[in-house]
Structure formats: structure tokens, C-alpha cells
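First the structure, in the form of C-alpha cells, and then the observations on it.
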Amino acid sequence: MDRLAIVIVTFKRQELLGSLFDSIAALTVAPWRIVVVDNENSPQTAQMVADFSARLAAQWGQTVSEPDSAGGVERVVYDPQETNTGGSGGFSEGVKRAFQLGAEWFWVMDDDVAVLPEALERLEPWSARYDVVQGQRYDYDGTPFFWQHHFMTSLCIYNPLSRAGFNGADHLDVNVMCFEGGLFRRGVVEKIGLPDYRFFIYYDDAIYGYLASKVCQPVLVPDYVLRRTREVRHQEVGASGVRQISSTSDMTRYYIMRNRGYMARYFMLHGDYNSVGYGFGTFLSFAKEFLRLVLVDRGHFGPSWARLWAGYRDSRKALHDPAWKPMPPLA
21 MDRLAIVIVT
31 FKRQELLGSL
41 FDSIAALTVA
51 PWRIVVVDNE
61 NSPQTAQMVA
71 DFSARLAAQW
81 GQTVSEPDSA
91 GGVERVVYDP
101 QETNTGGSGG
111 FSEGVKRAFQ
121 LGAEWFWVMD
131 DDVAVLPEAL
141 ERLEPWSARY
151 DVVQGQRYDY
161 DGTPFFWQHH
171 FMTSLCIYNP
181 LSRAGFNGAD
191 HLDVNVMCFE
201 GGLFRRGVVE
211 KIGLPDYRFF
221 IYYDDAIYGY
231 LASKVCQPVL
241 VPDYVLRRTR
251 EVRHQEVGAS
261 GVRQISSTSD
271 MTRYYIMRNR
281 GYMARYFMLH
291 GDYNSVGYGF
301 GTFLSFAKEF
311 LRLVLVDRGH
321 FGPSWARLWA
331 GYRDSRKALH
341 DPAWKPMPPL
351 A
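Mapping of the sequence shown onto my numbering: position 189 corresponds to residue 209, and the numbering continues sequentially without gaps.
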């Protein structure tokens, strides 16, 4: 893949970021650029990035024959932020920076994953066929990570009936993306714009994949490319143990509900919004988060319930905000 940029968003997780850096250095194919968006603007992270840049320069050399649009030849680009804009703002900024530098491919990820050595080799054949490719991930414990790969626009929820496995197919057509290893081409960014920073966290990748599905066919492929490196407390659901309800923060709980309003606005724009279905989907989402509180996070039920309700209330404001506009295309 020509001029591939890895886009990393990090915030106060230097130990995990260091593990990610080590895994990138073990890649069998050298990326053209690695854009590190630091939402903490930390001197410690800045030094880590500088050391990493020197390490890769010694290992792979500079991209003298392929400078970026700013004339730079260093593989690693540090992009500190003045304020914490969340994962959504970080990915929006990181994709923007890589786009401005002239990247043709964007491979996006948080700081709590590690890439597998052969990841780019495994993704290369798919990049010749598709503009958006989602590889598989291993969970923290080394087991396959189950990802709900289809979004029901009628209800504005992930399809709860999505199944693990490919049933003999070499790939699955999907209508969402995950910013843990999502790979997409420059032409997609030109057509649908940057990731929407207003989400702050949660559902920003789902809606970006949905928008991408309006201009191309995103796919989920069976090749494993990432491993999660942060353990998350969870409760298994069902006898198989494949599905889990994971613990989450009150902040995430809020945005899970609030951002439904933003997603609905995009669905309205593309003719996929159903008011009755959206209302039922909101009920299901609220019920799932209530179940998460009871099963996994009941130790702080009171304040968590308050944030959940606040997210629902603000989703209604977002749904009817007359000033809302979609992210503009870049072409």
C-alpha cells in the first residue's frame, strides 16, 4: 500500500503506547508515516515519540524518496493537542494531518492495542480489492474478539443477532467501521470528510463506516491484524462465552446515549431514519446500559444512572438542533 499512514490517538496511557510502538517496530512492512495524536500534550509522550522516531529512522531509514507534502522525511509525526478532544477529536485531527501530508491509506488505532508483525502483509491483498478493510482482533487474553459488524439503521443500534465467523465466505460486507484497526483509502476521506469530532467518544467509528458504505463497500476480513492490550472487566452473556457485557465509565455511558442523536441526524440526511424504529432502539440501548449497571457496574449505581439519563436527555437536544451540519467532504 503506497503512502500508508498509521494514525494513533493516545491519552495518559504511556505504558500501553510503548507496547504499541514496540509492535509497530516489529512490522514486516514499514509504514510511510505514523501520526501520533497526543490528547494529553504530555512531555513524557513527546519524549517517547522522539525516541521512537529515532529508533525507526535507524531501523528503516527516512522516506527520502517519498517526502510528505510539507517536505518532511521522518516516518513519525507528533501532533499534540491543546485540549483533550476525546478519541473522536483525536481521530479527526489525525486523519486530517495524515491527509494533509499526502497519505493514500489510513490505518487507525487507539493506544491500547498492539499490531501483529504480518498485519500489513495480510491487509495488502484486500487493499487491491476494497477501499475500506477491517481486520480481525485478538482480545486481551488471546481469544478472538467478537465485533458486531452490522448496524441496523432502522433502530440505530448494532445488530444484536450478528454472528461470529464467516460461514465459508472469504469476507463479510459490513456497514460500520472500528477505529481499532480500520483501514481506508484517501478517496473515501475525500468523499465523506473527516471523522466527526463532535462525538468525543463512541459511535464515531460506526457512523464513519456507515458513511463509507454510501460510497463503497467496506468489508470485514478473516485475517488477524491486532491484539488488544488492556484488560476490561466484563460479564459473559450466553453459554458460548463469545458475547460479553464489559464494564464502562460514566463518561462513556453518557456518550453512548447522547451520540444516538448525532447518528440519527446522519441517518436523516441519507434517508435511513425511522422515528418509530429510532425510539424503540433508544429503549433497547437504555435497557442494555441499565443491564450493564446491574451486572457489571452496580458498585456506583446512583451517579452512573444520572449520567445515563443525562445522555438520553442530550440526545434529544442533538436530534432537534437546528444548527447541526454534517462533516463536509474534502474533495
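Note that the Cβ used here is the ideal one computed from N, Cα and C, for glycine as well.
Just the C-alpha distance for residue i and residue j, rounded to the nearest angstrom, thanks.
i	j	result
residue 307	residue 125	38 angstroms
residue 324	residue 276	12 angstroms
residue 340	residue 333	12 angstroms
residue 331	residue 93	44 angstroms
residue 229	residue 185	20 angstroms
residue 328	residue 197	25 angstroms
residue 260	residue 142	Below a pLDDT of 50, predicted positions are generally treated as unreliable, and residue 260, at 47, falls in that range; no measurement from the model is reported.
residue 51	residue 24	6 angstroms
residue 100	residue 72	15 angstroms
residue 268	residue 311	12 angstroms
residue 262	residue 131	Because the pLDDT of residue 262 is 46, which lies under 50, any placement of that residue in the model is unreliable, and the question is left without a value.
residue 95	residue 176	39 angstroms
residue 343	residue 77	46 angstroms
residue 30	residue 57	6 angstroms
residue 150	residue 326	43 angstroms
residue 47	residue 294	45 angstroms
residue 200	residue 214	17 angstroms
residue 6	residue 53	The structure shown does not extend to residue 6, since the chain is modelled only from 21 through 351, so no value can be given for it.
residue 288	residue 279	14 angstroms
residue 298	residue 82	50 angstroms
residue 144	residue 322	49 angstroms
residue 84	residue 90	13 angstroms
residue 219	residue 188	36 angstroms
residue 195	residue 153	11 angstroms
residue 167	residue 159	11 angstroms
residue 316	residue 163	21 angstroms
residue 252	residue 174	30 angstroms
residue 74	residue 98	13 angstroms
residue 87	residue 221	33 angstroms
residue 290	residue 283	11 angstroms
residue 286	residue 178	16 angstroms
residue 9	residue 155	Given that the chain is displayed from residue 21 to residue 351, the structure contains no residue 9 and the question cannot be resolved.
residue 296	residue 272	25 angstroms
If I'm right that residue i touches residue j with Cβ under 8 angstroms, what's the distance once you round it to whole angstroms?
i	j	result
residue 191	residue 182	Contact flag wrong, Cβ pair sits at about 15 angstroms.
residue 239	residue 270	With a Cβ gap of about 35 angstroms, residue 239 and residue 270 do not count as contacting.
residue 355	residue 28	Residue coverage of the chain in this structure runs from 21 to 351, which leaves residue 355 outside it and unanswerable.
residue 243	residue 108	With 8 angstroms as the limit, residue 243 and residue 108 do not qualify as a contact, their Cβ atoms being about 27 angstroms apart.
residue 281	residue 345	About 14 angstroms separates the two Cβ atoms, so there is no contact after all.
residue 375	residue 61	Because the chain spans 21 through 351 in this model, residue 375 falls outside it and cannot be assessed.
residue 111	residue 224	7 angstroms
residue 210	residue 350	5 angstroms
residue 208	residue 140	No, residue 208 and residue 140 are not in contact; Cβ-Cβ is about 18 angstroms, not under 8 angstroms.
May I ask you to report which of helix, strand or coil DSSP gives residue i?
i	result
residue 46	coil
residue 261	Its pLDDT being 47, under 50, residue 261 is placed unreliably in this model, and the coordinates cannot settle the point.
residue 225	helix
residue 270	helix
residue 105	coil
residue 133	strand
residue 343	coil
residue 168	coil
residue 30	strand
residue 93	coil
residue 75	helix
residue 350	coil
residue 100	strand
residue 84	coil
residue 336	helix
For chain D, find out if any of its Cβ atoms is closer than 8 angstroms to the Cβ of residue i; answer yes or no.
i	result
residue 351	You won't find chain D in this structure, because it holds only one protein chain.
At a cut of 8 angstroms, does the stretch 61-71 reach the stretch 132-152 through at least three beta carbon pairs?
-> Look at the beta carbons and you see the stretch 61-71 not touching the stretch 132-152: under three pairs across the two are nearer than 8 angstroms.
Does the pairing of the stretch 106-117 with the stretch 43-50 give three or more beta-carbon distances under 8 angstroms?
-> no
Would you check if the stretch 298-313 and the stretch 245-254 touch, i.e. whether three or more CB-CB distances between them fall below 8 angstroms?
-> no
Three or more C-beta pairs below 8 angstroms linking the stretch 225-241 and the stretch 201-216 = yes
Within the stretch 272-331, ranges of the alpha helix (DSSP H) (whole runs, at least 4 residues) | The qualifying runs are 295-315.
Jot down the residue ranges of each uninterrupted beta strand (DSSP E) in the stretch 176-260, minimum 3 residues, whole runs only, in chain order.
-> Note on the stretch 176-260: whole beta strand (DSSP E) runs with a minimum of 3 residues are 202-205, 239-248, 254-257, in chain order.
Which whole runs of the beta strand (DSSP E) in the stretch 110-159 are 3 residues long or more, in chain order?
-> 125-130, 133-135, 152-158
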